[in-house]
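Read through the structure below, which is laid out as structure tokens, and then see the notes.
Number of protein chains: 2
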Amino acid sequence: MQKVKPKVVIIGAGFGGLTAAKYLKNKEVDVIIIDRRNHHLFQPLLYQVATGALNPADIAVPIRSIFSKAQNIKILLGNVIDINLKKKKVITDFDTLDYDYLILACGVSHSYFKQDQWEEYAPGLKSLEEATEIRRRIFLAYELAEREKDQNKQKELLTFVIVGGGPTGVELAGAIGEISRYTLSKDFRNINPGRTRIILIEAGKRILPSFKPELSEYAARELEKLGVTIWTNTYVTEVGNGYVKAGDEIIKAKTILWAAGIEPSSLNYKLNVTKDKIGRILVEPDLSIKNDPNVFVIGDQANFSHTPDGKPLPAIAPVAIQQGKYVAKCILRDLQNLKRIPFQYVDKGFMATIGRMKAILQYKNFYLKGFFAWLLWVFIHILYLIGFRNKLIVFFQWSWSFLTFRKGARIIRSKIWKTREHESFILKSKKIINKKKL
Amino acid sequence: MQKVKPKVVIIGAGFGGLTAAKYLKNKEVDVIIIDRRNHHLFQPLLYQVATGALNPADIAVPIRSIFSKAQNIKILLGNVIDINLKKKKVITDFDTLDYDYLILACGVSHSYFKQDQWEEYAPGLKSLEEATEIRRRIFLAYELAEREKDQNKQKELLTFVIVGGGPTGVELAGAIGEISRYTLSKDFRNINPGRTRIILIEAGKRILPSFKPELSEYAARELEKLGVTIWTNTYVTEVGNGYVKAGDEIIKAKTILWAAGIEPSSLNYKLNVTKDKIGRILVEPDLSIKNDPNVFVIGDQANFSHTPDGKPLPAIAPVAIQQGKYVAKCILRDLQNLKRIPFQYVDKGFMATIGRMKAILQYKNFYLKGFFAWLLWVFIHILYLIGFRNKLIVFFQWSWSFLTFRKGARIIRSKIWKTREHESFILKSKKIINKKKL
Chain A
1 MQKVKPKVVI IGAGFGGLTA AKYLKNKEVD VIIIDRRNHH LFQPLLYQVA TGALNPADIA
61 VPIRSIFSKA QNIKILLGNV IDINLKKKKV ITDFDTLDYD YLILACGVSH SYFKQDQWEE
121 YAPGLKSLEE ATEIRRRIFL AYELAEREKD QNKQKELLTF VIVGGGPTGV ELAGAIGEIS
181 RYTLSKDFRN INPGRTRIIL IEAGKRILPS FKPELSEYAA RELEKLGVTI WTNTYVTEVG
241 NGYVKAGDEI IKAKTILWAA GIEPSSLNYK LNVTKDKIGR ILVEPDLSIK NDPNVFVIGD
301 QANFSHTPDG KPLPAIAPVA IQQGKYVAKC ILRDLQNLKR IPFQYVDKGF MATIGRMKAI
361 LQYKNFYLKG FFAWLLWVFI HILYLIGFRN KLIVFFQWSW SFLTFRKGAR IIRSKIWKTR
421 EHESFILKSK KIINKKKL
Chain B
1001 MQKVKPKVVI IGAGFGGLTA AKYLKNKEVD VIIIDRRNHH LFQPLLYQVA TGALNPADIA
1061 VPIRSIFSKA QNIKILLGNV IDINLKKKKV ITDFDTLDYD YLILACGVSH SYFKQDQWEE
1121 YAPGLKSLEE ATEIRRRIFL AYELAEREKD QNKQKELLTF VIVGGGPTGV ELAGAIGEIS
1181 RYTLSKDFRN INPGRTRIIL IEAGKRILPS FKPELSEYAA RELEKLGVTI WTNTYVTEVG
1241 NGYVKAGDEI IKAKTILWAA GIEPSSLNYK LNVTKDKIGR ILVEPDLSIK NDPNVFVIGD
1301 QANFSHTPDG KPLPAIAPVA IQQGKYVAKC ILRDLQNLKR IPFQYVDKGF MATIGRMKAI
1361 LQYKNFYLKG FFAWLLWVFI HILYLIGFRN KLIVFFQWSW SFLTFRKGAR IIRSKIWKTR
1421 EHESFILKSK KIINKKKL
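Line by line, the protein sequences give chains A and B.
Take 1 as the starting number for the first sequence in my numbering and just add one per residue.
Take 1001 as the starting number for the second sequence in my numbering and just add one per residue.
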């Protein structure tokens, strides 16, 4: 008689979900991974796609190609609409799946602080679609400025506002500065790209608040060298077509990018579990939800506060990776009837880049800034990229840009296709969930 | 007193327009290039983007980066709406431009034989947008088949119909065959990608009619080895959502691709010039239009029949390139008051690939097929790719695919963005022209 293997369903193939699946590869479990996309995305480099330095496929790998040799792992493309914790069922837009173990690794999306209408004017950066849309807007602004005769409109087109001074906002602002000062410097006849205005708006006292003040200060000075103006203590009160209101002031800008605030998966609000203020699920020391040890929540979707200082772990890749590995091992220990050991995070530090050849990094009490920090940043990012092919390609693209000051992927593409059922299921699950009543 | 330089306006930066501009670089003329896209596209490799082997940016170069050192060349992104030949004006959607010389190099688009509603169900392959849309449909079909339980629907999803047995149709069919037999062979659990049905429909007696019958025959046999069924003498009478009518038969297929028939730029119908049956402009021996020696038409947009056999030159890259060079030199000769010499085409032959490692080529009476033809094909395509960076990247991607049987760009992306004025001007000019009445 064949033994029935426990069914593990993993929702989301980001850093957390993917790592969990890797540790369950060819083990005595049947794994199903559900994701809305067919690819795992290396999000830390997404800003490079948005600014034309890398191709979408350079930082994305088809999930099923990662697991082609793991016969116990099945990958399904689709949206999860609801979860029935009592009956142990995952309800998707194409089927209902049973589970013995469930790993929630859905990540987070942007928060516009309940002003969802801002999204159209100020896209955020979480997916390849958004990255290529941002790339389109950035390079299109220069094209439109080149053919514009009205000086005021030209100025509007050459003004870029980035809302949010965390790592994403800083990296976007730095990359746009680099484009305007180096990449495009000789390509236009009517405009001078070096006159681009780049404004980085941050509500807090300083940019990069998770870093030490010295590093924030250094980053701010380096950004200024690339032409970025930093407005701290500034709240955005309105975003519209071609303008941003910040306090009493109005800035006219054709390109506005959003890098402020996150909100968790809407799935969180469908589950009867304890959540924190911003909606992340509060997890137990073993990353399971209260009273349901077979349901785990990992990565950005979770709030893990069983830390020495009681603060939740940050929303960064190393946390998701360590948690993914931990829950996979937890499941395997369960199957051997071994006791679970509480999850412990091993601090790996923080990093951020600021334009060309500059970065900052902080590891416990040690910190580094400048060129060597940037070299380390390059090394670590290539090391963690999934797939040998992508490592090589990214290394090549970076070497090329480094030597020539050029960017490889400055392509503007429009979207002329209206598709029907092909499209429906990759829509944001948020909208689908709102529509479908179960 | 400064001499006023003659103004040359080039519409379109394909092979023809780009070559013309290259030969006018830093000469005593002021050049404006107008294009609907910001990039030159290496169309012969577009089918590789559509089948996930290459990234869009690998075969596209920003036009302005090609001419960053040519101060006499200005690039403008926009649509040409009309041309006033009498007043020597080009009317665009953003401005009106004067010219002394005009080079029309707009290329062609697909023809659905007056059944434009078929386009939604059977996209063609002329632009990066279309290529990524086709890529999305191909890889999505496998994803949907994997999660489908109904056998009939699964079969529909795993059926691909390609309409048109010219080089594009053959290359698409071959690449899909390769994907189904090699690339995806181990990636699915519920379906066997090797069971994919690929049907290539051709209205004529044989596929690749521009090649010798022996080569057609060889290509047909090689395609069959990759699982492609070839239906010759078959007319498509209807295309709808998920089906193709061919004569009396109906094939159910979720993915239908269109590689049959071309139609010239709608601009042709606005100009009071002589045209051939399919709407291409009939040009004089010097590629100018009748009674207007300062207006040239080159590449696919033109019908040049001053050939030994009286047949129009084929719609291939070498023709456009030679014509671009010729008209640039014509203009420069005019400025020196030298007489124009009639255009003469130097035959460079034809090539086509059939899946992995097989190709055919024909040069006058010489022909070659198989692996060595494929090696030559690889060499020539890398040689003609614009930009050293792209040459390297494509070489790398091909070597990688060759060694691993993998494709680098199997990314499915949806289009979640609704954009406003950002988008409007990259719409197909056809539609814009229809709307705007001048």
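The beta-carbon is built from N, C-alpha and C at its ideal position, and this holds for glycine as well.
Could you tell me the distance, in whole angstroms, from the CA atom of residue i to the CA atom of residue j?
{"i": "residue 1282(B)", "j": "residue 237(A)", "result": "60 Å"}
{"i": "residue 375(A)", "j": "residue 66(A)", "result": "28 Å"}
{"i": "residue 1043(B)", "j": "residue 1152(B)", "result": "36 Å"}
{"i": "residue 418(A)", "j": "residue 1034(B)", "result": "In this predicted model, residue 418(A) has a pLDDT of only 36, less than 50, meaning its place in the structure is not dependable enough to derive any value."}
{"i": "residue 1243(B)", "j": "residue 1136(B)", "result": "18 Å"}
{"i": "residue 1250(B)", "j": "residue 1163(B)", "result": "14 Å"}
{"i": "residue 200(A)", "j": "residue 174(A)", "result": "10 Å"}
{"i": "residue 1047(B)", "j": "residue 1194(B)", "result": "21 Å"}
{"i": "residue 1306(B)", "j": "residue 1107(B)", "result": "20 Å"}
{"i": "residue 303(A)", "j": "residue 270(A)", "result": "17 Å"}
{"i": "residue 1075(B)", "j": "residue 409(A)", "result": "18 Å"}
{"i": "residue 1402(B)", "j": "residue 1230(B)", "result": "26 Å"}
{"i": "residue 257(A)", "j": "residue 1167(B)", "result": "43 Å"}
{"i": "residue 1011(B)", "j": "residue 1049(B)", "result": "25 Å"}
{"i": "residue 1104(B)", "j": "residue 1098(B)", "result": "14 Å"}
{"i": "residue 150(A)", "j": "residue 184(A)", "result": "21 Å"}
{"i": "residue 329(A)", "j": "residue 165(A)", "result": "37 Å"}
{"i": "residue 1497(B)", "j": "residue 1102(B)", "result": "The question about residue 1497(B) has no answer here: the residues shown for chain B are numbered 1001 through 1438."}
{"i": "residue 1267(B)", "j": "residue 60(A)", "result": "40 Å"}
{"i": "residue 1287(B)", "j": "residue 1309(B)", "result": "18 Å"}
{"i": "residue 274(A)", "j": "residue 289(A)", "result": "8 Å"}
{"i": "residue 491(A)", "j": "residue 100(A)", "result": "Given a span of 1 to 438 for chain A in the structure shown, any question on residue 491(A) remains unanswerable."}
{"i": "residue 435(A)", "j": "residue 81(A)", "result": "Here the model assigns residue 435(A) a pLDDT of 36, short of 50, so the residue's position is not dependable, and the following value carries that caveat. Computed Cα separation, rounded: 10 Å."}
{"i": "residue 1388(B)", "j": "residue 182(A)", "result": "19 Å"}
{"i": "residue 1003(B)", "j": "residue 190(A)", "result": "21 Å"}
Leaving out the 5 sequence neighbours to the left and right, which residues in its chain are closer than 8 Å to residue i when beta-carbon positions are compared?
{"i": "residue 5(A)", "result": "28, 29, 30 and 72"}
{"i": "residue 205(A)", "result": "232 and 233"}
{"i": "residue 1278(B)", "result": "1111, 1262, 1263 and 1264"}
Chain B partners of residue i, CB-CB under 7 Å?
{"i": "residue 74(A)", "result": "1189"}
Near residue i, which residues of its chain fall below 6 Å by C-beta distance, leaving aside the five closest residues on each side in sequence?
{"i": "residue 196(A)", "result": "158 and 180"}
{"i": "residue 188(A)", "result": "146"}
{"i": "residue 1300(B)", "result": "1107, 1108 and 1315"}
{"i": "residue 25(A)", "result": "70"}
{"i": "residue 203(A)", "result": "235"}
Name the chain B residues that come within less than 8 Å of residue i, Cβ to Cβ?
{"i": "residue 186(A)", "result": "1068 and 1069"}
Can you name, in chain order, every residue of its own chain whose Cβ lies under 7 Å from the Cβ of residue i, other than the five neighbours on each side?
{"i": "residue 1415(B)", "result": "Note that residue 1415(B) scores a pLDDT of 45, beneath 50, so its modelled location is shaky; the value from the coordinates is reported in the next line. The answer is none, since no qualifying residue turns up."}
{"i": "residue 1063(B)", "result": "1013, 1033, 1035, 1038, 1039, 1040 and 1075"}
{"i": "residue 113(A)", "result": "261"}
{"i": "residue 178(A)", "result": "226, 355 and 356"}
{"i": "residue 353(A)", "result": "171, 174, 359, 374 and 377"}
Could you work out which residues of chain B lie near residue i, taking near to mean beta carbons separated by less than 9 Å?
{"i": "residue 412(A)", "result": "1037, 1038, 1039, 1062, 1077 and 1426"}
{"i": "residue 398(A)", "result": "Ordered by position in chain B, no residue passes the 9 Å Cβ test against residue 398(A), which lies about 12 Å from the chain."}
{"i": "residue 128(A)", "result": "1411 and 1413"}
{"i": "residue 146(A)", "result": "1064, 1074, 1075, 1076 and 1077"}
{"i": "residue 95(A)", "result": "1147 and 1149"}
Run through chain A and tell me which residues come within less than 7 Å of residue i, C-beta to C-beta.
{"i": "residue 1057(B)", "result": "55, 408, 409 and 411"}
{"i": "residue 1139(B)", "result": "38"}
{"i": "residue 1143(B)", "result": "38 and 77"}
Indicate, with yes or no, if the ligand NAP has a heavy atom lying under 7 Å from the CB of residue i.
{"i": "residue 1208(B)", "result": "Of ligands this structure carries none, so the ligand NAP is not represented either."}
With contact counted as at least three CB pairs below 8 Å, one residue from each stretch, are the stretch 1085-1092 of chain B and the stretch 1208-1215 of chain B in contact? Contact between the stretch 1085-1092 of chain B and the stretch 1208-1215 of chain B is absent: fewer than 3 CB-CB pairs across the two stretches fall below 8 Å.
**Study point:** Every unbroken beta strand (DSSP E) inside the stretch 1039-1100 of chain B [3 residues or more]
**Key:** Look at the stretch 1039-1100 of chain B and you find these whole runs of beta strand (DSSP E), each 3 residues long or longer: 1039-1041, 1060-1062, 1073-1077, 1080-1084, 1089-1092 and 1096-1098.
Report yes or no: do three or more beta-carbon pairs, one from the stretch 1012-1021 of chain B and one from the stretch 1316-1333 of chain B, lie closer than 8 Å? Segments in contact, yes.
- Determine contact between the stretch 1051-1059 of chain B and the stretch 1387-1396 of chain B, defined as no fewer than three beta-carbon pairs at a distance below 8 Å. The stretch 1051-1059 of chain B is in contact with the stretch 1387-1396 of chain B.
Requested in this report: Please specify which runs of the beta strand (DSSP E), each continuous and at least 3 residues long, are wholly inside the stretch 277-332 of chain A, giving them in chain order.
Outcome: As far as the stretch 277-332 of chain A is concerned, its whole beta strand (DSSP E) runs of at least 3 residues are 292-297.
Can you give, in chain order, each stretch of the beta strand (DSSP E) that sits fully within the stretch 196-267 of chain A and has at least 3 residues? When DSSP assignments are scanned along the stretch 196-267 of chain A, the uninterrupted stretches of beta strand (DSSP E) that are 3 or more residues long and fall wholly within it turn out to be 197-201, 228-231, 236-240, 243-246, 249-252, 255-258 and 262-264.
Which ranges would you report for the alpha helix (DSSP H) in the stretch 112-183 of chain A if only whole runs of at least 4 residues count? The alpha helix (DSSP H) runs of length 4 or more contained entirely in the stretch 112-183 of chain A are, from start to end of the chain, 128-146, 151-157 and 167-178.
* Write down every uninterrupted run of the beta strand (DSSP E) in the stretch 1379-1412 of chain B whose length is 3 residues or greater and which is fully enclosed by it, in chain order. => Counting only runs that start and end inside the stretch 1379-1412 of chain B, there is no beta strand (DSSP E) element of at least 3 residues.
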